[in-house]
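>
2 protein chains.
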Amino acid sequence: MNPTITAFESSPDRGRGLARDMRVRWALEEAGQPYEVRLVSFSAMKEPAHLALHPFGQIPTYEEGDLVLFESGAIVLHIAEHHAGLLPDEANARARAIAWMFAAVNTVETPILDLQTAKFAEGNKPWAEQRLPIVMDRIRDRLKQLSARLGDTDWLDGAFSAGDLMMVGVLLRLKASGLLDECPNVAAYVARGETRPAFKRAFAAQLAVFTGQPLTS
Amino acid sequence: MNPTITAFESSPDRGRGLARDMRVRWALEEAGQPYEVRLVSFSAMKEPAHLALHPFGQIPTYEEGDLVLFESGAIVLHIAEHHAGLLPDEANARARAIAWMFAAVNTVETPILDLQTAKFAEGNKPWAEQRLPIVMDRIRDRLKQLSARLGDTDWLDGAFSAGDLMMVGVLLRLKASGLLDECPNVAAYVARGETRPAFKRAFAAQLAVFTGQPLTS
Chain V
758 MNPTITAFES SPDRGRGLAR DMRVRWALEE AGQPYEVRLV SFSAMKEPAH LALHPFGQIP
818 TYEEGDLVLF ESGAIVLHIA EHHAGLLPDE ANARARAIAW MFAAVNTVET PILDLQTAKF
878 AEGNKPWAEQ RLPIVMDRIR DRLKQLSARL GDTDWLDGAF SAGDLMMVGV LLRLKASGLL
938 DECPNVAAYV ARGETRPAFK RAFAAQLAVF TGQPLTS
Chain H
758 MNPTITAFES SPDRGRGLAR DMRVRWALEE AGQPYEVRLV SFSAMKEPAH LALHPFGQIP
818 TYEEGDLVLF ESGAIVLHIA EHHAGLLPDE ANARARAIAW MFAAVNTVET PILDLQTAKF
878 AEGNKPWAEQ RLPIVMDRIR DRLKQLSARL GDTDWLDGAF SAGDLMMVGV LLRLKASGLL
938 DECPNVAAYV ARGETRPAFK RAFAAQLAVF TGQPLTS
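Heads up: the sequence lines are chains V and H, in that order.
All residue numbers for the first sequence refer to our numbering, where the first residue is 758 and numbers rise by one.
All residue numbers for the second sequence refer to our numbering, where the first residue is 758 and numbers rise by one.
(1) Only counting the same chain, and skipping five residues up and downstream in sequence, which positions put a Cβ closer than 7 angstroms to that of R795 of chain V?
(2) Alpha carbon to alpha carbon, what distance is there between Q790 of chain V and E939 of chain V?
(3) Taking Cβ positions only, does P812 of chain V come closer than 9 angstroms to chain H?
(4) My guess is that I896 of chain H and L931 of chain H are in contact by the Cβ rule of under 8 angstroms, so how many angstroms apart are they, rounded?
(5) Determine the contact status of A916 of chain H and I855 of chain H, defining contact as a CB-CB distance below 9 angstroms.
(6) I need the boundaries of the beta strand (DSSP E) containing A916 of chain V, first residue and last residue.
(7) Quick check on the DSSP output: the beta strand (DSSP E) that includes A965 of chain H runs from which residue to which?
(8) Could you give the uninterrupted runs of the beta strand (DSSP E) lying entirely in the segment 764-811 of chain H, keeping only those of 3 residues or more?
(9) Considering only the alpha carbon of each residue, which of H:V925, H:Y946 and H:L826 lies closest to T910 of chain H?
(10) For a contact defined as C-beta to C-beta under 9 angstroms, what are the partners of Q902 of chain V on chain H?
(11) Flag D909 of chain V as yes if its beta-carbon sits less than 9 angstroms from any beta-carbon of chain B, otherwise no.
(12) Pick out whichever of V:N849, V:A885 and V:I816 has its Cα sitting closest to the Cα of T769 of chain V.
(13) Provide the residue span of the beta strand (DSSP E) that contains E879 of chain H, from first to last.
(14) Using C-beta distances below 6 angstroms, list every residue in its chain close to F960 of chain V, excluding the 5 sequence neighbours before and after it, in chain order.
(15) Give me the chain H residues within the contact set of V862 of chain V, using Cβ-Cβ distance strictly less than 7 angstroms, ordered along the chain.
(16) Restricting to Cα atoms, I'd like to know which of V:M802, V:A841 and V:A955 is closest to F827 of chain V.
(17) For I836 of chain V, does the three-state DSSP call read helix, strand or coil?
(18) Just checking, does the segment 840-849 of chain V make contact with the segment 865-878 of chain V on the three C-beta pairs under 8 angstroms criterion?
(19) Can you check DSSP and say which residues form a bridge with G816 of chain V?
(20) By the criterion of Cβ-Cβ separation under 8 angstroms, what are the contact partners of H835 of chain V in chain H?
(21) Helix, strand or coil for L824 of chain V? Go by DSSP, reduced to three states.
(22) Name the chain V residues that come within less than 7 angstroms of R977 of chain H, Cβ to Cβ?
(23) In terms of alpha-carbon separation, which member of H:G814, H:W857, H:L810 and H:D823 lies closest to V833 of chain H?
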């Protein structure tokens with residue numbers, strides 16, 4: 758029995774891979790685990806049936822037998838713990854990879870989400886234009902720190918891990934902003950993630966939801 | 758050899774337990790694991806020696822033999838995996854507790870951090886007064902969803918877990934705002950966390966850094 762995830766029936770990103778189901782699809786592809794997808798509308802996400810799976814009315818969720826999970830970070834970690842290739846075997850390296858997963862969602866994604874707020878939710882407010890550069894500078898601070906740590910290595914800590922998957926998944930949200938290009942090694946890191954065959958399969962699958970074209974691979 | 762964590766030499770919260778070392782101290786107390794604390798100044802946090810431990814120049818860090826970790830969520834998870842009492846034994850319940858840890862830092866803390874930004878970092882901006890109610894409403898949305906899920910239970914999913922520890926640790930940041938009081942079951946949930954003996958020991962230890970009074974227990 759394959760696990761089932763949920764994704765937007767109509768993703769606001771128009772299939773650019775920015776919704777959080779992308780991270781889970783990518784992890785499942787890295788793991789070689791087939792999966793089912795149930796699409797949910799914005800109104801259905803706020804209904805009791807979906808709230809029973811996800812208390813905050815978001816996507817993705819993950820159902821596997823009796824197990825129901827929400828939060829992309831937790832789902833990716835669950836997949837990584839049950840399949841080879843996403844977490845190092847050595848205990849300390851494993852703990853560090855998990856630290857990068859938390860860094861992605863708590864330290865790096867926080868200012869990036871504020872950019873979405875500034876541009877969209879508050880885009881028509883009188884302060885929108887003045888506030889945007891402040892929000893972008895906060896992201897620059899984080900990117901510079903990430904760039905300094907990354908240096909000239911391919912991945913954050915040794916081999917590709919779930920920590921890289923989550924970090925690239927979060928950084929993808931900056932592609933349209935131009936901010937990644939200010940840190941060439943971070944831009945190259947994101948591009949390195951995007952060239953992984955598992956990423957490409959996951960990306961194509963979520964794009965197919967938007968285009969309505971079935972996958973033909 | 759006890760693990761060593763880092764904490765603010767001079768915490769901006771004046772010992773109210775809002776800095777992220779509180780979550781780690783609390784987990785260590787729940788686990789019955791003694792620990793050492795190294796205090797760092799704001800300037801030292803941005804120096805190479807600390808950045809080698811924490812690439813984003815924050816606290817807490819965690820050092821235990823050869824292992825160096827950062828991110829409070831990752832450190833609490835590491836402690837929970839190596840001591841009894843913070844994660845359920847049953848595999849599905851364990852995965853759900855970890856989902857609540859990610860929910861705390863990714864879904865609930867994000868709007869709460871924006872409140873700090875609105876009040877402090879942008880408190881002197883011309884838009885501060887008009888923007889504050891919008892930020893508070895975003896937090897209200899999350900609290901209502903959390904309240905609905907919590908219902909009349911003591912903890913989020915069965916017995917107290919690292920998921921509750923992280924969630925209460927995040928919600929503490931709302932105490933001064935009055936927002937918790939709008940959801941009495943959430944306020945009671947936070948208070949329930951605060952009455953745990955391990956919480957009290959952790960709170961006293963971080964307060965003692967601020968007051969400069971050694972602990973006498």
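Even glycine gets a Cβ: it sits at the ideal position worked out from N, Cα and C.
These numbers were taken from a predicted model, which means no experiment stands behind them.
On the basis of the supplied data:
(1) T761 and T763
(2) 36 angstroms
(3) yes
(4) 7 angstroms
(5) no
(6) Where A916 of chain V is concerned, there is no enclosing beta strand (DSSP E), given that its DSSP letter is neither H nor E.
(7) Careful: A965 of chain H lies outside any beta strand (DSSP E), inside the alpha helix (DSSP H) at P954 to T968.
(8) 793-797
(9) H:Y946
(10) L808, P812, F813 and G814
(11) Considering every chain present, this structure includes no chain B. Its protein chains are V and H.
(12) The question names Thr, yet the displayed sequence has Pro at residue 769 of chain V. Looking at the Cα atoms, V:I816 is the closest of the given residues.
(13) It is not in any beta strand (DSSP E) - E879 of chain H carries neither H nor E in the DSSP assignment.
(14) G774
(15) F859, V862 and N863
(16) V:M802
(17) helix
(18) no
(19) What sits at residue 816 of chain V in the sequence shown is Ile, not Gly. In DSSP, I816 of chain V forms no bridge with anything.
(20) A852 and I855
(21) strand
(22) Because chain H is modelled from 758 through 974, residue 977 of chain H falls outside the range shown and cannot be assessed.
(23) H:W857
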